[in-house]
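Order-wise, the sequence lines are chains E and G. Residue numbers for the first sequence follow the numbering used here, beginning at 1 and rising by one. Residue numbers for the second sequence follow the numbering used here, beginning at 1 and rising by one. Where is the CB? At the ideal position from N, CA and C, for every residue including glycine.
2 protein chains.
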Amino acid sequence: MKTYQQLLDNVNQYIDNLPYPAQPQGLYGPIRYVLSLGGKRIRPILMLMAYNIYRDTTDDIMPQAIALETYHNFTLLHDDLMDHADMRRSHPTVHRKWDENTAILSGDTMLIMAYRLFTQDTSNPHIIQALKTFNDATIGVCDGQMYDMEFETRNDVSTDEYMEMIRLKTSLLLACALKIGAQLAGATDSDSNHLYDFGEKMGLAFQLQDDLLDVYGDPATFGKNTGGDILCNKKTFMLLKTQEIASTNEQQQLQQWIDATQYDPAEKIKAVTAIYDHVGIRQICQEKIEQIFIQSLKSLDQVGTDDLHKAQLYDFAHRLLKRKK
Amino acid sequence: MKTYQQLLDNVNQYIDNLPYPAQPQGLYGPIRYVLSLGGKRIRPILMLMAYNIYRDTTDDIMPQAIALETYHNFTLLHDDLMDHADMRRSHPTVHRKWDENTAILSGDTMLIMAYRLFTQDTSNPHIIQALKTFNDATIGVCDGQMYDMEFETRNDVSTDEYMEMIRLKTSLLLACALKIGAQLAGATDSDSNHLYDFGEKMGLAFQLQDDLLDVYGDPATFGKNTGGDILCNKKTFMLLKTQEIASTNEQQQLQQWIDATQYDPAEKIKAVTAIYDHVGIRQICQEKIEQIFIQSLKSLDQVGTDDLHKAQLYDFAHRLLKRKK
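Shown next, in the form of structure tokens:
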């Protein structure tokens with residue numbers, strides 16, 4: 001069984017050695033840039049771990065693993081463009097470093113590269129089945145992104161709707177990564193589906209943790225400033241839940257900050273965080289993460305494999321949820 | 001053998017009946033809109049015609065045929081966004097009717113839908129082979145679009161480079177449409193490749209004809225105003241060739257119009273067209289189209305099928321090149 005570090009090294013090495021056409025440079029330069037910025041490589045690693053449950057090597061599914069990472073980075077590239085984000089992983093985003101058209105087109109090309117990588121080596125007898133799982137993820141993530149955008153202009157988003165949005169936008173790809181790894185290894189449908197469920201729950205907890213860090217993370221370890229979600233009135237679980245349970249007075253205060261067009265950013269972050277603190281949203285969110293994490297472990301437990309492999313997946317999920325950045 | 005009209009009806013009917021998820025409406029509304037605007041449906045029809053050479057029915061490859069049309073419309077959607085074009089097929093473009101983010105995301109989703117449609121029915125034993133041909137087209141079209149954008153800021157583009165750009169951006173998909181149709185029908189590699197060559201040449205002639213119509217088309221039948229390429233200094237074969245063969249005096253005049261920042265549009269079109277007329281670019285371009293068309297027929301001739309099917313493909317290509325719009 002490969003360790004997490006070995007798998008991470010495999011993934012990064014494969015990405016470093018990806019062949020790019022020499023021309024047009026304007027197209028492949030940005031793609032190489034985006035893929036070289038690192039990141040946690042969660043999706044390919046999950047796929048490789050799932051495959052590794054059933055097979056000793058992981059080399060033969062590297063193209064499919066990197067397809068998922070390429071797809072994920074395509075979504076970040078286009079999401080950053082749509083959000084007008086300036087920075088990603090401490091580096092300028094593609095539309096800032098180059099321009100918007102380059103961001104559109106190099107994103108499109110990454111999406112195609114993802115499909116190309118996925119079907120590059122078709123010797124695996126389960127490739128079509130796995131490709132359909134991949135398709136389910138890719139379309140679902142777009143649905144999730146659309147809901148995310150629609151929520152920006154809606155005032156009646158419920159916490160359930162938020163959870164469904166992050167299930168689509170974040171969880172689906174983690175769940176599918178595990179399922180694809182299992183499918184490519186020829187696992188039973190039962191195992192594949194339990195791994196999927198494990199990944200889906202893990203993804204929800206992961207995103208809630210992300211939201212939590214955006215408010216309560218330590219900027220020094222978090223790698224970016226906290227409070228970004230508060231400043232852009234992002235309708236996270238924490239905001240929606242606070243709106244639901246806060247006193248009338250606090251609800252009004254919160255709404256005033258949301259509606260405000262001129263304010264001192266630091267002051268807004270401080271004031272909204274104070275309301276969060278007062279309703280105890282940090283603990284509520286942490287409890288929800290814990291609750292979902294336990295659910296995810298129940299799914300993992302039902303996978304018919306030895307405890308060693310389960311422990312590795314447990315450790316990985318645990319590490320993601322206890323992370324500080 | 002199905003007639004052109006029957007195939008067109010099949011394609012439009014399939015598109016009309018495509019199932020869309022009810023939600024998110026903001027995502028699937030624009031996609032439905034784009035696909036409903038019509039167009040010549042060249043790519044699916046070519047694929048069906050090629051398949052029809054070897055098989056009596058075409059119903060079983062409709063998803064793959066519509067995948068190509070969906071892919072093609074995705075490229076138009078994103079190209080229009082990158083070009084800031086207001087209209088497409090006499091209707092407002094998606095980024096005008098909705099907004100830029102909707103155009104980005106619904107385009108991304110169309111690209112994924114194309115792959116989804118392509119691999120929806122995987123019972124055909126040649127599906128993987130055909131998918132690889134599709135991949136070659138999809139990535140090549142992006143390369144072509146990038147060259148097209150890069151040419152805008154370059155002053156040393158050659159006619160050869162222009163021909164290579166339109167080969168990638170336009171021809172590749174027509175060529176692959178024919179090849180995929182043949183591959184899915186289990187045709188020999190020789191036939192598939194000759195059909196590919198036929199489509200590649202046809203695509204070049206088709207694009208040159210498009211450029212020609214943009215200058216010399218009758219606005220009444222052309223469906224849009226002529227002179228658009230002249231106004232945006234589009235480096236077409238006609239412009240590049242004129243720059244090459246015009247007298248020094250005309251070259252200077254042409255350059256002045258290209259560099260001009262303030263001018264009466266009608267006057268610019270008239271002046272540039274006068275230079276075109278003087279060097280005889282219309283005839284030069286028509287001769288080039290004719291020459292490439294003859295080359296394409298040589299490839300078609302080498303396809304090992306009966307004359308009836310060849311005649312249908314000949315008619316289709318002939319109709320495209322003699323069109324007035």
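Report task. Would you list the one or two residues that DSSP bridges to residue 87 of chain E? Result -> Position 87 of the first sequence, counting from 1, holds the residue named residue 87 of chain E. Paired residues: E:92.
Query - Proximal residues to residue 161 of chain E (C-beta, below 7 Å), its chain only, five neighbours per side dropped - result: Here residue 161 of chain E corresponds to residue number 161 of the first sequence, with the count starting at 1. Excluding residues within five positions, none has a Cβ falling inside 7 Å.
Requested in this report: Rank E:219, E:157, E:281 by C-alpha distance to the C-alpha of residue 242 of chain E and give the top, closest one.
Outcome: Residue mapping note: residue 242 of chain E aligns to position 242 of the first sequence, counting from 1. Looking from the CA of residue 242 of chain E, the closest CA among E:219, E:157, E:281 belongs to E:281.
Requested in this report: Could you name each continuous alpha helix (DSSP H) segment of 4 residues or more that falls completely within the segment 133–209 of chain G, going from the start of the chain to the end?
Outcome: 159–166, 172–184
Query raised in the report: Among residues of its own chain, excluding the 5 on either side of residue 175 of chain E, which ones have a beta-carbon nearer than 6 Å to its beta-carbon?
Result: Counted from its first residue, the first sequence places residue 175 of chain E at position 175. Taken in chain order, the residues that qualify are 196, 199, 200.
Query raised in the report: Which same chain residues, not among the five before or five after residue 165 of chain E, have their C-beta less than 8 Å away from its C-beta?
Result: Here residue 165 of chain E refers to the residue found at position 165 when the first sequence is read from its first residue. Here the set comprises 144, 147, 148, 151.
Report task. Using a Cβ cut-off of 8 Å (strictly closer), state whether residue 20 of chain G contacts chain E. Result -> Position 20 of the second sequence, counted from the first residue, corresponds to residue 20 of chain G. So no, residue 20 of chain G is outside the interface.
Query raised in the report: Helix or strand or just coil, what does DSSP make of residue 285 of chain E?
Result: Within the first sequence, the letter at position 285 stands for residue 285 of chain E. Correct three-state label for residue 285 of chain E: helix.
Query raised in the report: Taking DSSP as the reference, what is the three-state secondary structure of residue 18 of chain G?
Result: Position 18 of the second sequence, counting from 1, holds the residue named residue 18 of chain G. Reduced to three states, the DSSP call for residue 18 of chain G is coil.
**Report entry** residue 24 of chain E (DSSP reduced to helix, strand or coil)
**Finding:** Residue 24 of chain E sits at position 24 when you count from the first residue of the first sequence. Of the three classes helix, strand and coil, the one that applies to residue 24 of chain E here is coil, per DSSP.
**Report entry** CB contact below 8 Å: residue 47 of chain E versus chain G
**Finding:** Mapped onto the first sequence, residue 47 of chain E falls at position 47. It does not; no Cβ of chain G falls within 8 Å.
Query raised in the report: Among the residues of its own chain, which have a CB less than 6 Å from the CB of residue 212 of chain E, if the five just before and after it don't count?
Result: As a first step, residue 212 of chain E must be located in the first sequence, where it is residue number 212. Answer for residue 212 of chain E: 285, listed in chain order.
Requested in this report: In the DSSP assignment, find the alpha helix (DSSP H) that holds residue 107 of chain E and state where it starts and stops.
Outcome: Along the first sequence, read from residue 1 onward, the residue named residue 107 of chain E stands at position 107. Here the alpha helix (DSSP H) through residue 107 of chain E covers 100–118.
Query raised in the report: Skipping 5 residues on each side, what residues in its chain have a beta carbon closer than 7 Å to that of residue 76 of chain G?
Result: Here residue 76 of chain G refers to the residue found at position 76 of the second sequence. Excluding residues within five positions, the ones whose Cβ falls inside 7 Å are 88.
Query raised in the report: Where do the ends of the alpha helix (DSSP H) carrying residue 47 of chain G lie?
Result: As a first step, residue 47 of chain G must be located in the second sequence, where it is residue number 47. DSSP places residue 47 of chain G in the uninterrupted alpha helix (DSSP H) bounded by 42–54.
Query raised in the report: With 8 Å set as the bound, which would you pick, yes or no: does the beta-carbon of residue 138 of chain E sit closer than that to a beta-carbon of chain G?
Result: For the purposes of this step, residue 138 of chain E is taken as the residue at position 138 of the first sequence. Yes, residue 138 of chain E counts as interfacial toward chain G.
Query raised in the report: Using a Cβ cut-off of 8 Å, which residues of the segment 25–58 of chain E contact any Cβ in chain G, in chain order?
Result: 26, 27
**Report entry** Where the alpha helix (DSSP H) through residue 372 of chain E begins and ends
**Finding:** Beyond the ends of chain E as shown, which are 1 and 325, falls residue 372 of chain E; an answer cannot be given.
Requested in this report: Return yes when at least one heavy atom of the ligand GTP lies under 7 Å from the C-beta of residue 297 of chain E, else no.
Outcome: The ligand GTP is not part of this structure, which contains no ligands at all.
Query raised in the report: Name the chain E residues that come within less than 7 Å of residue 150 of chain G, Cβ to Cβ?
Result: Position 150 of the second sequence, counted from the first residue, corresponds to residue 150 of chain G. For residue 150 of chain G, the neighbours in chain E by C-beta distance under 7 Å run, in chain order, 24, 26.
Report task. Report the three-state DSSP secondary structure of residue 126 of chain E (helix, strand or coil). Result -> Against the first sequence, residue 126 of chain E aligns to sequence position 126. Reduced to three states, the DSSP call for residue 126 of chain E is coil.
Report task. Report the three-state DSSP secondary structure of residue 32 of chain G (helix, strand or coil). Result -> Within the second sequence, residue 32 of chain G is the residue found at index 32, counting from 1. Here residue 32 of chain G sits in helix by DSSP.
Query - CA-to-CA distance, residue 37 of chain G to residue 65 of chain E, given in whole angstroms - result: On the first sequence, position 65 is the one that residue 65 of chain E refers to. On the second sequence, position 37 is the one that residue 37 of chain G refers to. C-alpha separation (whole angstroms): 38 Å.
Report task. Determine the burial state of residue 69 of chain G: buried for a count of at least 16 other Cβ atoms within 10 Å of its Cβ, exposed for fewer. Result -> Working through the second sequence from its first residue, we reach residue 69 of chain G at position 69. Result: buried.
Requested in this report: Measure the alpha-carbon distance for residue 117 of chain E versus residue 84 of chain G and round it to whole angstroms.
Outcome: Locating residue 117 of chain E in the first sequence gives position 117, counting from the first residue. Locating residue 84 of chain G in the second sequence gives position 84, counting from the first residue. Taking the straight line from one Cα to the other gives about 32 Å.
Query raised in the report: Which residues of chain G have a Cβ atom closer than 8 Å to the Cβ of residue 359 of chain E, listed in chain order?
Result: Residue 359 of chain E is absent from the model: chain E starts at 1 and stops at 325.
Query raised in the report: Assuming residue 126 of chain G and residue 181 of chain G make a contact with CB atoms under 8 Å, what is their CB distance in whole Å?
Result: As a working note, residue 126 of chain G is residue 126 in the second sequence. As a working note, residue 181 of chain G is residue 181 in the second sequence. About 11 Å separates the two Cβ atoms, so there is no contact after all.
Query raised in the report: Which residues in the same chain have their Cβ closer than 6 Å to the Cβ of residue 265 of chain E, if we skip the five residues on either side of it in sequence?
Result: What you label residue 265 of chain E is simply residue 265 of the first sequence in a count that begins at 1. Apart from the 5 residues on each side of it in sequence, residue 265 of chain E sits with its Cβ closer than 6 Å to the Cβ of 231 in its chain, given in chain order.
**Report entry** CB of residue 131 of chain E within 8 Å of CB of residue 171 of chain E, strictly
**Finding:** The sequence position of residue 131 of chain E within the first sequence is 131, counting from 1. The sequence position of residue 171 of chain E within the first sequence is 171, counting from 1. In this structure, residue 171 of chain E does not lie closer than 8 Å to residue 131 of chain E by Cβ.
Query - Close-in-space but distant-in-sequence residues of the same chain around residue 109 of chain G (CB under 7 Å, 5 per side omitted) - result: Within the second sequence, residue 109 of chain G is the residue found at index 109, counting from 1. Closer than 7 Å at the Cβ level, and outside the excluded window around residue 109 of chain G, lie 27, 31.
Report task. Scan the segment 110–128 of chain G for residues whose Cβ lies nearer than 8 Å to a Cβ of chain E and list them as they occur along the chain. Result -> 111, 112, 113, 115, 116, 119, 122, 127, 128
Query raised in the report: Which residues in the same chain have their Cβ closer than 6 Å to the Cβ of residue 317 of chain G, if we skip the five residues on either side of it in sequence?
Result: Here the question's residue 317 of chain G lines up with position 317 in the second sequence. Taken in chain order, the residues that qualify are 202.
Query raised in the report: Can you list, in chain order, the residues of the segment 218–245 of chain G whose Cβ is nearer than 7 Å to any Cβ on chain E?
Result: none
Requested in this report: Let me know the alpha helix (DSSP H) ranges lying completely inside the segment 211–250 of chain G, each 4 residues or longer, listed in chain order.
Outcome: 219–222, 228–231, 237–245
Requested in this report: Compute the Euclidean distance between the alpha carbons of residue 188 of chain G and residue 56 of chain G, then round it to the nearest angstrom.
Outcome: Your numbering for residue 188 of chain G matches position 188 in the second sequence. Your numbering for residue 56 of chain G matches position 56 in the second sequence. Taking the straight line from one Cα to the other gives about 17 Å.
**Report entry** Contacts around residue 93 of chain G, its chain only, beta-carbon distance under 7 Å, and the 5 residues preceding and following it disregarded
**Finding:** Translated into the one-based positions of the second sequence, residue 93 of chain G becomes position 93. Only 80, 85, 86, 87 meet the Cβ criterion.
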